[in-house]
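Residue numbers (UniProt numbering), protein chains in the order written: chain A, 1 to 404; chain B, 1 to 404; chain C, 1 to 404; chain D, 1 to 404. For reference, the structure is listed below as C-alpha cells.
This is the structure in C-alpha cells:
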C-alpha cells in the first residue's frame, strides 16, 4: 500500500469541485451581518441568482441549508396541510422527496416508472385532466434524477398544465441541474425552483437556493402550513432591506458571489453547452466499453451525470470502492433499487476535458480490476476523438483567455 | 474620507472571529461524502462535540443550518402539535423563539420580565407546581440572552423541576453560551441543548449544533410533529454508520474538527475562565465610563456580551454606526424594545486582551464623537489594571506556548 | 499559564501584517512561468511598481530575495570592484550595509553619527566637495533606519550632490520606508531605490524590490563587478518579453499584484498620510508615558517605527519578552549598540487605529510589569485624543467605503 | 473560443503542483522572526531537510532565493576567484551554470556532450587523472538535466574522484532531482547539494535549498570569494541560535515544514519509487505513440521529466502552445538547441495516476491537432496497462489511508 498524492478526482454527481477562485473567496473572517454596508452583498447575490434561474419575474432565496431543506421550504410555504400533490418516482431523490411529502402530511399521488425512464407525460396529463376539482395543488417533479442520470422534460410539464388548464403549481427539483443543465424558469413557467450550492453552483454544500414565481409567492401568503426556519416571509421582510432573519454564513455569501461571477462571465447558455460536450464524450466512452447508461431515452440522458449499467455478475459497489481505494477516484455508487447495478460518473461543475479523460482512464482500469473485460484506452479514445474535433481555443495566440 | 486598513474589529456578540487555524482548515475542496473513509470525520466530530456540551449520556447532532433551525429541531422532534411549553421572554432571542413556538402550533405560556432581568425562578416554580396534570411538556429557556447580556441560572431550572417533580423537558437555547460560558448538560440535567457554529465554536454561521438527552431522544421516537429536514431519526440512522441523510458541508466539518481541537486543547473550563476574565475587564471599563450594563444582577451579567445602557438623550444606534464608519469597529446595536437604548460589546470567541483594549479605546472615542462625556483612556485604564494584575504568561521563557 | 487566543499583535517594524486580501491572492497553485499569457502578470506588476517608487523614467525589478539581496544587487550592478562609496552609519541596518560593502570589496568612507541622529548633511557635503577627482562613485544612505526610527532627509542628499556638482550615484535603502513613508524617486533624483516585500508592501518577506534610474542602468552596462543571480541585465532581457531569468515565485507575484492594487486604490500620498497619523498618535502616547524616542530631531522621527528609550535601570529586552509572553504582542527590541536601551513599536503597513491603541495599552501593561511606573491608560488617552479629533469617516452613512 | 474551467494541468518539470496541505500551511500572516519561540521552526526544518538530502554529517541551508541562487552560493562559498572547475554541458541548465561560473570569474573546463547524453565518465576521469597539480577545485555536475530529461550517474562521479584520488569538491545541481529522484548525499560523497523549493519539494519557487558536507564547510571558511547575501557563515551564525541573518519568509518556512512532513510520512525511498512508476508509464505511452525520448540511454531516462523528440517536419513549440491554448495543459517546450525539437512532460511532484493519464490523453489530442498521426488512446492504454497491473491500494478496505 502506498501514500496518496495529487488530488482526489471528485467525480461524484455532487458535491462538485469547488474552483480555487471560490475557495479563495470563502477564506475570510466572518463579517458583521448587521453592518450598514451588509445589504450590498445581499442584494448583489439575490439579483444575480435570478439570472441563473432564468427568471426576471420571480424571487430568489438563499437559506443556510441544503437542497433537502429547499424541498421542505417549497412545500411548506406554498401548500396547506393535507394538500394533494402529483409527482413521479424516478429514482432515489424523487423517492426521498415523496417520503418527505408524506411525512409532512401532504397527500402525494405517486406515479412510478422503471428507474431509468423519464416522466410519464401522458399519465401526468391524464391525472391532471381527471382532476376537475383541482384538488392537485402542485405538480412536483425532479428535473435531473441523479440516481439514474435522467434529465426530464420540464417544458412538457408546463405544456400539460396549460393544455389541461390546470392551476397546480409547477415545483421542480433542480438540485443537480440548475446552473449546469438547461433550466428556464420564466420561459417554462416553473413556479418553485429548488436547488443547492454543491452542484452546478460549485460551492460546498451548505446553502439551499430557491426561486419562487409570483404565483407561488402569492400562495405562500395564504398557506397555513406551520413553518419558521424555512419561511419565505421572514426572508422577504429581511432581504428587502438587505439582511437575513438569522445570521447568514458570510463566507458562503462571498463564495456564492464569486461563483455567480464565474457563471455570468461564461454565460449560462455556454455553461449548459460545456456540460453537454463533456457528457457527450462520457457517453461515447461508455459505448466504446460496450456498456450503456441506465437512462433509456437518448434525449433524456443527463448532461450532469451518467449512470452506467454494470454487466450481470459484477458488482457496482466494488467498482466504486476499487476506484476510490486504488486510484483516488470518487465515483457515485448505485442507490437503493439500483445498488450494485450501476456506477455513476459525475460530469458536472468545474471540470475540464483532461479531468474527464483522466477519470475515464481510471474507470477503465477499475473495470479491469474487477474483472470486466474492457479494452484499456478504448473509452478514452472515443471521448478524445470527440473532444479533439469539437475543441476550440480557450485562449488566443498570445495565451489571453478568450471572451465568448 | 479615507480607505479602510487593518482588520475589522468584529466585536458583535456573534458571528465571532474565525481563528486562522479554522479558516485554513476550511479552505479545501469538497470531499466525497459517501466515501468509505468519510465516517472518520463524522464520528470524530460528533464524539468531541459531546465533550463541549459536557454530556456523556446524550447525543450530539450537526445540521447544515443555524441556531434558529435548532430551535425548530428541538421543538419538533420532542413535542407534539399543540403541546404546552413554559417559557420566559427576556429579550429579542427568547421573543423570537416564542414566536416560533406559536407559529409552529405549540402553546407557550410566556412569562415576561423586564429586559435586563434573568429568569423569574419563583414564578416558574409556581407554574410547574400548579401544573398537576403535567400539561407543560417542556420548559424552554435561553441561557444567555444576547439582546441584554443576561446569563440565566439554568441549574435553578433543573432544581425547580426536581423540586416540583415535574417531568417537563428542559430545553435550553445555548446559542451564545455553549463553548464560551459554563454549560454542563449532564450535571444540570438539560434535555435539549441548542447552539450554532458562529459564537463560542468560532466558525462562520452555517452549522446548527444540538445535543439531546436520552429522555429527549425517547420522546422524539413517539412525537408526531411532522418534520423531515430537522429530523433526529434520519440523522441518527445515518450518523450511526458515519454518514449524513443529505450532503453535509465538508469544509465546515473540517472547520468544526479544528475548532474542537482548539477548545479541547485549552480545556473547556479554561475557555469559560478566559471569557470571564475578558468580560470582567469590560465591565470595569463600563463602570469607569460612568455607565452600566442593562443586566441588573451582577451574577447574571454575561461573560459573552455586555449591553451598555446609553445615557438619556443619546442614541445607541448612532454609537454603533459611528464606531463602524469611523473606526472599523463592529458593535452590536440595541434590538427591538431596547433599540437605541443600549449598545453591545461582544467579548466572545477568539479574541485576546489587546483586541479588547483596542475595542474599549474605540468605544471611548465613539462615545466622545456622539457627545457622551467620557474621559478618554479611563475604561482602558480600568480594564488594563485588572488584566495586567491577573495576567499570566502565555508562553514560557523560551517563548514556547504554555500548556495548562 | 494559559493558551493563546486571538491574533498576535505583530507590531515589529517588519515583517508587517499581510492583509487578508493579499493572503488570499497568494493562496494558489504555482503557474507555468513560461506560458504565453504569463507576461501579463510580469508587465502588470513591473508597471505599477514604478508608481509606488514614484518614478516614470526608471525601471523596476522584482527578485526572489530580500532587501539585503537588493543592497547587493544595487552595489554590484552599478559599481566596479574597489569603488569608493560615501555612506553613513546610523544604526544596525546601515552598519550591515557597510559591512556588505567592505566584504564585497568596495571602499566605503563611513561617517558615523550617534544612533538616533540623522544624516550629517554638512559633513557629507564637505566630503563630496573635497572629492574633486570624483572617486566617490556612490552616495549610499538609508532613508529610514529601522534600528532607531530615524527618517533621513533624502532630498538634502540630492541637494548636496547638485550643489557640489558631484556625479556620484544616489543609492537609497528604502526597505522600511518605500510604500509607507514619502519617497519620490524621480523628484528627488534617486538613482537606486532598494526595498523588500515585507514592510510597506504588506507581503511576507521573499521579494527584493528595486528601481534604477537611467543613469544607474547605464552604469550597470559597463560595471565589471561579477554578478549573476542579482544581475539587472539578465532580468531586463527576460522582463522585456514578460518572463524571468529563473523561476519566479508566482504566488508572490499575485500577492504583489493585490498589494499594488491596495496601495493604488488608496493613493500613495494617502498611504504616507495614514502612516503619519498613526505615528503621531504613537509619539503622543510615548510622551504621555514620560518617555521619549531615541530619534532626536522631531522632523526625523520616523512615521514607520518609534524606538523608545528605556529609562535607566530597566532592560528593553525584558519589555519585549514580556509583551510577547504575556500579551502576545510582538515589539521590536534594541539591536547592537542600543540593545536593552530601546524597545521599538512598528506602526507600518496594514494596521489601523484600534490595532495601535490595543498595542499602546499592551505596552503600558508591559511597562508596569517590568516596573516602569506609567499610568495605565495615559498613552492610550493621548493617542485617542488625537485620533478621535483627526478621524474621518471610513465609510459613508450607508456604510459604503469611501473613495478618496 | 470558450471559458477556462477546471484546473490547469501543470505538467511542466517545475514549478510543480503545490499540494493543498502546503497551500493551506502557507496561508498565514507573517510572524515575528525574532520572537523567542521562532527557533523552533528554524531548527525543525533544517533538521528534517537533512533527511531529504540524505545527509547526517552535512549541514542544510534555506535561502530566500531560487536554485540559481544556490548555484552562486555553492560556488562563491567554497571556491576562490579564478578557481578551475571541471564540468559538463548537458543541456540548458548546465549551460547556464557554466555561464555563471564564467561571469563570476571562475575557470570552468567544459566537457560538451550531445544533448540527450549523460556524463562522459571516462573523459571526466581522464581530466581528473591528468590534473596532477589538483588545479581543479570542484567537479560540478547536474544530476537531472531538465532540458533533456537525462538523469546522470552521480555515484560514478564519486567513483572517479576516489579512483583518481582527486580532492576536488563534488558539487551537484539537484534542482529537479532532490526530493523526487534518488539522491544520497552522504553515501555518494556529494559535497554541495543544490536545489530549490519548486520541484520535488512541492512548494512555489522562492526558496533556495542547499546542503554542504563538512569538507565544503571547511573550504568555505578560507574561501576569499566576496559574498554576503549567499554567505554560509552569516547563515550558520544565525541558524545556530534559531534565527536568520535577514528576514526569512515565514509563510514559506511553514510551507516547507508541511512539505517535509509529507515527504517524511511517505518515506523518501517511496517518493523515489513513486516517481519511477509514473515515469515508466509515461515512457510506455511515448513508445506507444511511436515516438522516443531524447535521452539516449534507458538507464539515464529521467523519472522527473520526459523530453520527447518531435518527428521531423513538426514544431515542438506548436505542440506546447496548442496544449495550453486548447486543453489548459502546461507542457515544457524545447529550450535553446532543442527548441522546437522536443516537448517535455513533467512527472514530478504532487501528481497521481489519473493526472498523468489525463495529461497523456491531452498530449495525444494535441499531437493530432498539429498533424502528427498518433492513435488516440494508444499511449493512455499502454500507460494504463502498466499502472493497473502495478497499482496497489492507497487505502484499506474501510478506506483508511494505508501506511507503508
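Where is the CB? At the ideal position from N, CA and C, for every residue including glycine.
Counterpart residues of residue i in DSSP-defined beta bridges
| i | result |
| --- | --- |
| residue 115 of chain C | C/117 |
| residue 89 of chain B | B/112 |
| residue 34 of chain A | Beta-bridge pairing links residue 34 of chain A to no other residue. |
| residue 301 of chain C | C/150 |
| residue 63 of chain A | A/208 |
| residue 342 of chain C | C/309 |
| residue 330 of chain A | A/10 |
| residue 45 of chain D | Answer is none; residue 45 of chain D lacks a bridge partner. |
C-beta neighbour in chain B for residue i, strict 8 Å
| i | result |
| --- | --- |
| residue 333 of chain C | no |
Neighbour flag for residue i against chain A, beta carbons, 8 Å
| i | result |
| --- | --- |
| residue 28 of chain C | yes |
Residue-level contact to chain D via CB, residue i, 8 Å cutoff
| i | result |
| --- | --- |
| residue 1 of chain B | Residue placement at residue 1 of chain B cannot be trusted, given a pLDDT of 46 that sits under 50; what the coordinates show is reported in the next sentence. No, residue 1 of chain B does not count as interfacial toward chain D. |
| residue 34 of chain B | no |
| residue 378 of chain A | yes |
| residue 25 of chain C | no |
| residue 9 of chain B | no |
Within 8 Å, strictly: CB atoms of residue i and residue j
| i | j | result |
| --- | --- | --- |
| residue 136 of chain B | residue 85 of chain B | yes |
| residue 211 of chain A | residue 53 of chain A | yes |
| residue 356 of chain C | residue 368 of chain C | no |
| residue 250 of chain A | residue 204 of chain B | yes |
| residue 152 of chain D | residue 128 of chain D | no |
| residue 47 of chain B | residue 264 of chain B | no |
For residue i, three-class secondary structure by DSSP
| i | result |
| --- | --- |
| residue 182 of chain C | coil |
| residue 198 of chain B | coil |
| residue 241 of chain A | coil |
| residue 173 of chain A | strand |
| residue 1 of chain A | For residue 1 of chain A, the pLDDT reaches just 46, beneath the cut-off of 50, and the residue's location in the model is therefore unreliable, although a value from the coordinates is still provided. DSSP places residue 1 of chain A in coil when its eight states are reduced to three. |
| residue 296 of chain C | coil |
| residue 68 of chain D | helix |
| residue 56 of chain A | coil |
| residue 372 of chain A | coil |
| residue 335 of chain C | coil |
| residue 123 of chain A | helix |
8 Å Cβ cutoff, residue i in contact with chain C
| i | result |
| --- | --- |
| residue 343 of chain D | no |
| residue 17 of chain D | yes |
Given 8 Å as the limit, is there contact between the region 102-111 of chain C and the region 67-86 of chain C, that is, 3 or more CB pairs closer than that? yes
Across the region 91-100 of chain C and the region 61-75 of chain C, are there enough close Cβ pairs to call them in contact, namely three or more that are closer than 8 Å? yes
When the Cβ atoms of the region 173-183 of chain C are set against those of the region 196-204 of chain C, are three or more pairs found closer than 8 Å? yes
So does the region 335-348 of chain A actually touch the region 339-357 of chain D, counting three or more Cβ pairs closer than 8 Å? no
On the three-pair Cβ rule with 8 Å, is the region 73-81 of chain D touching the region 321-332 of chain D? Result no; under three Cβ-Cβ pairs closer than 8 Å.
Stretch-stretch touch, CB-based, cutoff 8 Å, three pairs: the region 359-374 of chain A with the region 281-293 of chain A: yes
Meets three-Cβ-pair contact criterion under 8 Å: the region 7-22 of chain B and the region 21-40 of chain A: yes
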